[in-house]
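Residue numbers (my numbering): 37 to 99. Using N, Cα and C, we set each Cβ at its ideal position, and we do this for glycine too.
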Amino acid sequence: MPKKTAYKEKLDYNNAYNRSHYRSFSFRFNKQSESEIIEWLESKESTKQYILNLIKEDLKKNK
């Protein structure tokens, strides 16, 4: 078996770390029927932060 390169070792480490410390979510939007939502999200400086803030506000309301 060939020896792993430093790059491959680092990549394996990062992948293992991400699998154990993060959870990923993905959304798809239809370019025709949901174009307004796409434009709105694209206008935000940080889509992730915008969505996190919406969720946090919703959590506060529902406690």
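Note down the Cα distance separating residue i from residue j, rounded to an integer number of angstroms.
i	j	result
Phe-61	Ile-87	12 Å
Ala-52	Lys-44	12 Å
Phe-65	Met-37	44 Å
Lys-92	Trp-76	19 Å
Ala-42	Glu-72	45 Å
Lys-39	Asn-50	18 Å
Asn-98	Asp-48	40 Å
Put residue i into one of helix, strand or coil per three-state DSSP.
i	result
Gln-68	coil
Glu-78	helix
Tyr-58	coil
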